Structures are given as structure tokens and as C-alpha cells.
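As they're listed, the protein sequences go chains A and B.
Reading the first sequence from the start, the letters are residues 1 to 109 in the numbering used here.
Reading the second sequence from the start, the letters are residues 110 to 224 in the numbering used here.
Down below is the structure, laid out as C-alpha cells.
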Amino acid sequence: AQRVTQPEKLLSVFKGAPVELKCNYSYSGSPELFWYVQYSRQRLQLLLRHISRESIKGFTADLNKGETSFHLKKPFAQEEDSAMYYCALRETSGSRLTFGEGTQLTVNP
Amino acid sequence: SAVISQKPSRDICQRGTSLTIQCQVDSQVTMMFWYRQQPGQSLTLIATANQGSEATYESGFVIDKFPISRPNLTFSTLTVSNMSPEDSSIYLCSVRGTAKNSPLHFGNGTRLTVT
Chain A
1 AQRVTQPEKL LSVFKGAPVE LKCNYSYSGS PELFWYVQYS RQRLQLLLRH ISRESIKGFT
61 ADLNKGETSF HLKKPFAQEE DSAMYYCALR ETSGSRLTFG EGTQLTVNP
Chain B
110 SAVISQKPSR DICQRGTSLT IQCQVDSQVT MMFWYRQQPG QSLTLIATAN QGSEATYESG
170 FVIDKFPISR PNLTFSTLTV SNMSPEDSSI YLCSVRGTAK NSPLHFGNGT RLTVT
């Protein structure tokens, strides 16, 4: 069965510092990986997905199949990045998402 | 992306009662799902709401406890039946569009407290 692991429940950095939110997965096929973000009092929303290879709000994430990881990175964190971040996996031929436990990011001034 | 309206946004209910949560989408979508997010935990899929047929439930969830309807491609309901305090949670509707590889989008959720 597929599994998504986010080892850090809490992550705190200072404004302007680099940030990396870790995500590891286990799945026997070729998965689709996503990062979702939930700002305070807002709905869960898609941040980015590996097939798009895009940078959203300065965040990037590279799928590393060898390490089965999909870490989310940003070189210079901003206070408005403070939020809950979820890594999620979708099976190759499926629709359901499996979510990690989430990482609460706090960017301090 | 689709606009998803979920209601109620929150409710406080007594144990033993039932609550029906509605999810309305502004466009036709192929897939609709119901998730649960218990306090301090991640999202867990309850079931896939199938249009015109019975929902597909995940392990640990049953139709008697969480009956789901999906009469058309834009609307679904989830009922939390015979509630107990353990059902206190956020319930989320999510949808997937018709395009290939469409991501999931989520409603605002329903925060349920059972006393």
C-alpha cells in the first residue's frame, strides 16, 4: 500500500532563510506527487505538482525516484509562507490521494 | 478550477443525532470524494461518491455510518449518522475535474463537534 511520510510536524525558520519541507513516499508504481497548502482559516489548496515542474510562490519540488522523495524547497522564506503543508500521492491509474501527516511551517520575522 | 461550496461550515451536534453535509460544485466533475481530518491528524479518505450508484468506501468506513448520495455530476451529500464524540472532525468535499491528470480541489470543510 502507498504511504506518504512527512517527518517534521513543525518547522520554524526566520524570514529570508531557506526552507525545505521533507516528503518521502512508498509506492511500487509511478506515482503523481503533490504539495497542498492550508493557510490559516482558508481551504486546502494545491500548491504544486511534480508533473508540472513549475515554481509557485517561489516554491519548487523535485521528484527523486531513487530516494522516493518529493521535498518542497524555497530559497528565501517569507512570513506569508507560514501555513500547514501536506504532501500527497496519487496512484498511477487512480484518483484517490494519500496524504502525509502535514508540516506546520512558521516563518518568524 | 472548480468552485466548491460546502455547507454547513460548522455545526455542534448532540450524540446520537445525524448531520448531512452538502457539497455543490459550479461545474461538472468526474470524481467527488469525501475526506475526514480528525484533530491534529492528516486527511483520510472516507469514500468516493459515484454518480448514480453506491459510493465506494475505504477500509474502516461503512455505508450505514456515512451514507453518501450523488444524484448528479455537481452535487453530493455525506451524512454522519448516530454521532458520537469520536466523530468530531473536519469533513472535506473534494473534486477532480474532467481533464486528464486534473488535481483534486477541496471545499472549505465542515467542522463538526459532537457533544
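Every residue gets a Cβ at the ideal spot worked out from N, C-alpha and C, and that includes glycine.
Here the structure is a predicted model, which means the values were calculated and not measured.
- Interface criterion not met: the Cβ of residue 221 (chain B) is under 8 Å from no Cβ in chain A.
- For residue 120 (chain B), the pairing in a beta bridge is given by DSSP as B:221.
- Within the region 168-179 of chain B, no residue has a Cβ lying closer than 8 Å to any Cβ of chain A.
- Interface annotation for the region 46-57 of chain A against chain B: 46, 49, 51, criterion Cβ-Cβ distance under 7 Å.
- For residue 148 (chain B), there are no C-beta contacts with chain A under 7 Å, since the nearest C-beta of that chain is about 12 Å from it.
- By the C-beta density criterion, residue 171 (chain B) is exposed, having fewer than 16 other C-beta atoms within 10 angstroms.
- For residue 178 (chain B), the enclosing beta strand (DSSP E) stretches over residues 177-181.
- Separation of residue 22 (chain A) and residue 220 (chain B) (C-alpha to C-alpha, rounded to the nearest whole angstrom) is 28 Å.
- In the DSSP assignment, residue 106 (chain A) forms a beta bridge with A:12.
- Counting along the chain, the unbroken beta strand (DSSP E) around residue 87 (chain A) starts and ends at 83-90.
- Interface criterion not met: the Cβ of residue 8 (chain A) is under 8 Å from no Cβ in chain B.
- Shown here for residue 20 (chain A): same chain residues with a beta carbon closer than 6 Å to its own, the five before and five after excluded, namely 71, 73 in chain order.
- The C-beta separation of residue 115 (chain B) from residue 216 (chain B) comes to about 3 Å, placing the pair in contact by the 8 Å criterion.
- In the DSSP assignment, residue 132 (chain B) falls within the beta strand (DSSP E) that extends over 128-134.
- In this chain, the beta strand (DSSP E) harbouring residue 200 (chain B) covers 198-205.
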